[in-house]
Structures are given as structure tokens and as C-alpha cells.
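*Asks:* Quick one: the structure is below, and I'll ask about it shortly.
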Amino acid sequence: MKTEFTAEQLENPKIARANEILRSCVHCGFCTATCPTYQVLGDELDSPRGRIYLIKDMLENDRVPDAKTVKHIDRCLSCLACMTTCPSGVHYMHLVDQAREYIEERYKRPLGDRALRWILVRILPYPMRFRVALLGAKIGRPFARLMPDARLRAMLEMAPKQVPPVSRNDDPQTFAAQGTRKKRVALMTGCAQKALNTDINDATIRLLTRLGCEVVVAEGAGCCGALTHHMGKTDESHATAAKNIKAWAREMDGAGLDAIVINTSGCGTTVKDYGHMFRHEALAADAARVSAIAMDVSEILMKLDLPQGADKEMVIAYHAACSLQHGQKIKTYPKDLLKRAGFAVVEPADSHLCCGSAGTYNLMQPEISKQLKARKVRTLEAKNPDVIAAGNIGCMMQIGSGTGIPVVHTVELLDWATGGPKPPAMNRAAQGMTGVPILR
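Residue numbers for the sequence shown, in this note's numbering: 473 to 912.
This is how it looks when you write it as C-alpha cells:
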């Protein structure tokens, strides 16, 4: 793609990076075939190629974003399926993130939008605040239909029927390896996940220690910063990310780390990008070190001796989270691990397409999100599985809200298969709370 940035504009490292990305696009349109919003809306401007044109025009002319441009950028899921499809290697993720930052700095949103974004930024990254909000939403859920704004209805409907008690395993501490220590790893416990589902971190700690890892929950680590980063709120996202970088760098410089393990793939994609995010800041070196050893839990498990399990006579429908298959390019590891543990694994049709969760997308764009959820649930249920497995809490909540089939994290199944407890979501189903059989 031809660009016409001035020499003065290109002195800005951010514009120089945008120019590099834009010039790699050859207009081929392959991205439109796998873009969920283009498939749902049928508008060229709701495809990656269309958004690239909008971003180019906005940045090149250094203009104040208009409502039309903002609307189409906001509708992007950041599922990154376009990056998997693109034959030219266009790094759309960095481009759209820069566009969102540009919009945040120069565009004044309507009051309702500003208020909703302020609420999300002040609540979701903070587990205790989020817990209180979930309890409030649980009380208000019966009145969701009365809400005039679809986004407020979506927030109330998101509230789970039960808010789990706090898990003390999420507190800063070290868990000793069972037997001979093979690796020392830091576990990122996250933020929203700690409020929505404490079973995932608990299962991860049990599984890793069982397989010979010393697991440390580092003092000072918390939210990865993805939520604010994807809203274009760079100062907030970098402040949050900096706490993680410093916390993990202390561990690396102290007793040492072989990996930083992340069991929420949306967070993993962001942490692995810390090196790029901080490339021009004082923390650049430490950020690059952190990104270099960040691993999805499936990656570290592939390096450990997961025992071969007997046939469980159970069919698992594996949902590939976009942030894992497109953001981190991890496509086979979770399925390989489940099969090794003894499960039969099936995949839904169009497994490359997003479920519509996408961080806060299901709250900010509920109508589009619901269409994507319905399609994803339909393709998963068509496989008639006993359980649905995923590697991202957002996907689990999204899909779980549309089906009676139990939805669990991949690591919970692997923990169970190697001696841990049965995933609680499956126990609830077995007790008749979902009406879905667990065993064939």
C-alpha cells in the first residue's frame, strides 16, 4: 500500500511503525474471508482491509477522528484472524492498537460511552471491586430487561449465578514442586479470572507442581493491562503492565525463572507483546526479558512429562480462543495434551472464528457479540460433546452463557486426568444443574 507520510511525521516512532505496517498491505482482501464482523455485517469498512484504509487516512492526514471511523474501529474484535490469513504478514494488531490510542487522545465520545468505559476500567482489572460489582449485577439481573441500553443489559446478564469465594492460592507465595524440581515458574493469576472462576488457577498450580514445577505467585503482579490497552488508554495499561514487569524481573534476578505461565490466553498475547509496548521506555530491557519467557500453560506443559492417560470415554469439544490460535499461533498443543490425557477431542466447524467475547467486546458491542456467540454455540453443540474445553476465561463465560454443556478450562481436565479433582462445572452438570449428561 502506498503511503504519503511526511518526513516530519515519520520522525515519530509510532507513525514510522504504522507506515511500515501499512506498506506491507497489498489490498488482496484475503482477510475479509475470515473476519467475523465482515461476515456478520457485510460492510467493507467492517473488514480489516476497510479499517486499514480508515486508519491510513486518519493518521496520514493527522486529522481528528470522526464518528464513522470510530464506529468501525470500535467494531473490530481484535480476534486477529486476519493476521493468520494474511499472506503478506500485515501486523494488524499493532496498527489497530495504535489507532485506538490515537482515537482515545483526540476523539470525545458521547457521555454514555465515556461513562461505560470509565466503569469498566475502574472495575474489571481489580478483583475485589469486580466481585462486588458481580454481586450487585446478580441482584439486578432480574431487571435487565428494563435497562434501556443494550450494553447495560449485557453487563447484568454477564453476572454468573454464583460468585466463587476468594482462593488464597492467588496470594503471593511459592508452591513447592512434587518430587525433583524440573522448573521454577511464575504463574500470572490475572484479575477478572480471579473473581469469575478460581478453579482455573487452583488446577494450574496442582498440575504444574505435580509435574515437577516450583510455582511462584510474584508479589506485585496483577492485571496484564490488556483491557485498558485495547481501549487506547496507554498510560493506564502501561502503568499496570509495568508492575508485572518489575515483579517478574525481581524473580528472574533472584531465584530465577524458567517461564512465566499464563492460563488466560488473552493476557498471554498482551504479555508476549510487552517487549514491543515498552520498546521506547526505560523498562524496555526488562519488558523484552519478560516477553521472551512468557508462555501459555499449554506451552510449558508440552515441555513437561504429562503422563499418557487411559481412554476416558469422554468427548471434548475444543474451542480455540482467538488470542491463542491467532494471537500466539498456538493451535495444536491443547488438543495434543487432551488426547495424551485420554480424551477424545473434536473441533467445531469454522473453529477459526471468534465466539464474540473478545475482552470487553461482549459488553461494548452486545448485538454483534450475541450473533457470534449463537453461531459458535451452534457449531460446538453440533459435535454432541460431553464437555467443552477452552483456554480463556472470556470465551468460557461467553460460550457457557449460551449452552447447557459444561464449559471448563483445558488445564482443569488435564489436572483431573492426572490425579486432581473433577472440574466443579462437570460436577454441577452431573447433579442435574444443566441437564446435560457427562458420560456416554
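Every residue gets a Cβ at the ideal spot worked out from N, C-alpha and C, and that includes glycine.
#1: Could you please give the first and the last residue of the uninterrupted beta strand (DSSP E) stretch that includes Ala667?
#2: Exposed or buried, which one is Thr594 when buried takes at least 16 other CB atoms within 10 Å?
#3: In angstroms, rounded to a whole number, what distance separates the CA positions of Leu479 and His566?
#4: To the nearest angstrom, report how far apart Pro599 and Arg589 are at their CA atoms.
#5: Between His701 and Gly522, what straight-line distance do the alpha-carbon atoms span, to the nearest angstrom?
#6: Beta strand (DSSP E) containing Arg656: first to last residue?
#7: Less than 8 Å between the beta carbons of Leu531 and Ile545, yes or no?
#8: Taking 6 Å as the limit between beta carbons, can you name the residues of its chain near Glu516, skipping five residues before and five after?
#9: Which runs of the beta strand (DSSP E), 3 residues or longer, sit entirely within the region 791–842?
#10: Would you kindly check if the distance between the Cβ of Gly684 and the Cβ of Gly738 is under 8 Å?
#11: Arg761 to Ser709, Cα distance in whole Å?
#12: For the candidate residues Ala631, Gln665, Leu596, Ala605, whose alpha-carbon lies nearest to that of Arg613?
#13: According to DSSP, is Ile788 part of a helix, a strand, or is it coil?
#14: If you draw a straight line from the C-alpha of Pro909 to the C-alpha of Val859, how long is it?
#15: For the beta strand (DSSP E) holding Asp768, just list the boundary residues, first then last.
#16: Are Leu885 and Pro878 close, meaning C-beta to C-beta below 8 Å?
#17: Just to confirm, are Ile672 and Val883 a CB contact at a threshold of 8 Å?
#18: Note down, one range per segment and in chain order, each alpha helix (DSSP H) of at least 4 residues found wholly within the region 479–512.
#19: What alpha helix (DSSP H) runs, 4 residues minimum, are completely inside the region 705–758?
#20: In the DSSP assignment, what residue or residues form a beta bridge with Phe647?
#21: Would DSSP call His563 helix, strand or coil?
#22: Can you tell me where the alpha helix (DSSP H) holding Ala609 begins and where it ends?
#23: For Asn641, I'd like the list of residues in its chain whose CB is within less than 7 Å of its CB, leaving aside the five on either flank, ordered along the chain.
#24: Taking all protein chains shown into account, do 16 or more other C-beta atoms lie within 10 angstroms of the C-beta of Phe615, making it buried, or fewer, making it exposed?
#25: Looking at C-alpha atoms only, which residue of Lys633, Gly692, Ala648 is the closest neighbour of Met869?
#26: Can you say whether Thr736 is buried or exposed, counting buried as having 16 or more other CB atoms within 10 angstroms of its CB?
#27: Do you know whose CA, among Phe750, Met898, Ala889, Ala766, lies nearest Gly781's CA?
#28: Between the Cα of Ala876 and those of Arg900, Cys867, Gly892, Leu607, spot the shortest distance and give me the residue it belongs to.
#29: Just to confirm the assignment, what range does the beta strand (DSSP E) spanning His881 have?
#30: Based on DSSP bridge pairs, tell me the residues matched to Ala553.
#31: Write down the C-beta distance between Gly874 and Ala846 rounded to the nearest angstrom, noting that I regard them as a contact closer than 8 Å.
#32: Classify Asn484: buried if its beta carbon has 16 or more other beta carbons within 10 angstroms, exposed otherwise.
#33: State the start and end residues of the unbroken beta strand (DSSP E) segment that holds Val859.
#34: Determine whether the beta carbon atoms of Ile732 and Ala759 lie at a separation below 8 Å.
#35: Would you report the Cα separation of Gly728 and Arg656, rounded to the nearest angstrom?
#36: Could you name the residues of the same chain whose beta carbon sits closer than 6 Å to that of Ser823, not counting the 5 residues immediately before and after it, in chain order?
*Replies:* On the basis of the supplied data:
#1: Here the question's residue 667 lines up with position 195 in the sequence shown. Taken as a continuous stretch (DSSP letters only), Ala667 belongs to no beta strand (DSSP E), being part of the alpha helix (DSSP H) at 664–668.
#2: By one-based count along the sequence shown, residue 594 stands at place 122. One point to set straight first is that residue 594 is Arg, not Thr, in the sequence displayed. Classification for Arg594: exposed.
#3: Numbered from its first residue, the sequence shown carries residue 479 at position 7. Numbered from its first residue, the sequence shown carries residue 566 at position 94. It is Ala, not Leu, that sits at residue 479 in the sequence shown. Ala479 and His566 have their C-alpha atoms roughly 21 Å apart.
#4: In the sequence shown, the residue the question calls residue 599 occupies position 127. In the sequence shown, the residue the question calls residue 589 occupies position 117. When rounded, the separation of the alpha-carbon atoms in Pro599 and Arg589 is 17 Å.
#5: Indexing the sequence shown from 1 puts residue 701 at position 229. Indexing the sequence shown from 1 puts residue 522 at position 50. If I take the Cα positions, the gap works out to 22 Å.
#6: By one-based count along the sequence shown, residue 656 stands at place 184. It spans 655–660 - the beta strand (DSSP E) in which Arg656 sits, taken as one unbroken run.
#7: The residue labelled residue 531 in the question sits at position 59 within the sequence shown. The residue labelled residue 545 in the question sits at position 73 within the sequence shown. Contact flag unset, no.
#8: Along the sequence shown, read from residue 1 onward, the residue named residue 516 stands at position 44. Sequence-distant partners of Glu516 (beyond 5 residues in either direction) whose C-beta falls short of 6 Å from its own C-beta, in its chain, are Gly522.
#9: Correct list: 816–818.
#10: Locating residue 738 in the sequence shown gives position 266, where the first residue counts as 1. Locating residue 684 in the sequence shown gives position 212, where the first residue counts as 1. No.
#11: Walking along the sequence shown from the start, residue 761 turns up at place 289. Walking along the sequence shown from the start, residue 709 turns up at place 237. Rounded to the nearest angstrom, the two C-alpha atoms are 19 Å apart.
#12: To locate residue 613, count along the sequence shown from 1; it is residue 141. When each option's Cα is compared against that of Arg613, the closest is Ala631.
#13: The sequence position of residue 788 within the sequence shown is 316, counting from 1. In the structure shown, Ile788 sits in a strand (DSSP, three-state: E or B).
#14: The residue you call residue 909 lines up with position 437 of the sequence shown. The residue you call residue 859 lines up with position 387 of the sequence shown. The predicted model places Pro909 with a pLDDT of 31, which falls under 50 and marks its position as unreliable, so this point remains unresolved.
#15: Residue mapping note: residue 768 aligns to position 296 of the sequence shown, counting from 1. It spans 766–768 - the beta strand (DSSP E) in which Asp768 sits, taken as one unbroken run.
#16: Stepping through the sequence shown from its first residue, residue 885 is reached at position 413. Stepping through the sequence shown from its first residue, residue 878 is reached at position 406. Judged by beta-carbon spacing, Pro878 lies beyond the 8 Å limit of Leu885, meaning their Cβ atoms are not closer than that value.
#17: Position 200 of the sequence shown, counted from the first residue, corresponds to residue 672. Position 411 of the sequence shown, counted from the first residue, corresponds to residue 883. Between Ile672 and Val883, the CB-CB gap stays under 8 Å.
#18: The region 479–512 contains these whole alpha helix (DSSP H) runs: 479–482, 485–496.
#19: For the region 705–758, whole alpha helix (DSSP H) runs of length 4 or above, ordered along the chain, are 706–725, 737–743, 746–749.
#20: By 1-based counting over the sequence shown, the position of residue 647 is 175. For Phe647, which the question treats as bridged, DSSP gives the partners Val687.
#21: If you number the sequence shown from 1, residue 563 lands on position 91. Coil, per DSSP.
#22: For the purposes of this step, residue 609 is identified with residue 137 of the sequence shown, where counting begins at 1. Segment 599–612, the alpha helix (DSSP H) holding Ala609.
#23: As a first step, residue 641 is located in the sequence shown; it is residue number 169 there, counting from the start. These residues qualify, in order along the chain: Asn673, Asp674, Ile677.
#24: Looking up residue 615 in the sequence shown gives position 143. When all chains shown are included, Phe615 counts as exposed.
#25: Looking up residue 869 in the sequence shown gives position 397. Distance from the Cα of Met869 is smallest, within the candidate group Lys633, Gly692, Ala648, for Lys633.
#26: As a position in the sequence shown, residue 736 is number 264, starting the count at 1. When all chains shown are included, Thr736 counts as buried.
#27: Working through the sequence shown from its first residue, we reach residue 781 at position 309. Ranking Phe750, Met898, Ala889, Ala766 by Cα distance to Gly781 puts Ala889 first.
#28: Here residue 876 refers to the residue found at position 404 when the sequence shown is read from its first residue. Before going further, note that residue 876 is Gly rather than Ala in the sequence given. Of the listed residues, the one whose Cα sits closest to Gly876 is Arg900.
#29: Within the sequence shown, the letter at position 409 stands for residue 881. Here the beta strand (DSSP E) through His881 covers 879–881.
#30: The residue you call residue 553 lines up with position 81 of the sequence shown. Per DSSP, none; premise fails for Ala553.
#31: As a first step, residue 874 must be located in the sequence shown, where it is residue number 402. As a first step, residue 846 must be located in the sequence shown, where it is residue number 374. About 7 Å separates the two Cβ atoms, so the contact holds.
#32: Locating residue 484 in the sequence shown gives position 12, where the first residue counts as 1. That one is exposed.
#33: Along the sequence shown, one-based indexing puts residue 859 at 387. Where Val859 is concerned, the enclosing beta strand (DSSP E) starts and stops at 859–862.
#34: Locating residue 732 in the sequence shown gives position 260, where the first residue counts as 1. Locating residue 759 in the sequence shown gives position 287, where the first residue counts as 1. Contact flag unset, no.
#35: Looking up residue 728 in the sequence shown gives position 256. Looking up residue 656 in the sequence shown gives position 184. Their Cα atoms are separated by approximately 7 Å.
#36: Here residue 823 refers to the residue found at position 351 when the sequence shown is read from its first residue. Setting aside the 5 residues that flank it on each side, Ser823 is surrounded in the same chain by Ala792, each with a C-beta closer than 6 Å to its C-beta; the list follows chain order.
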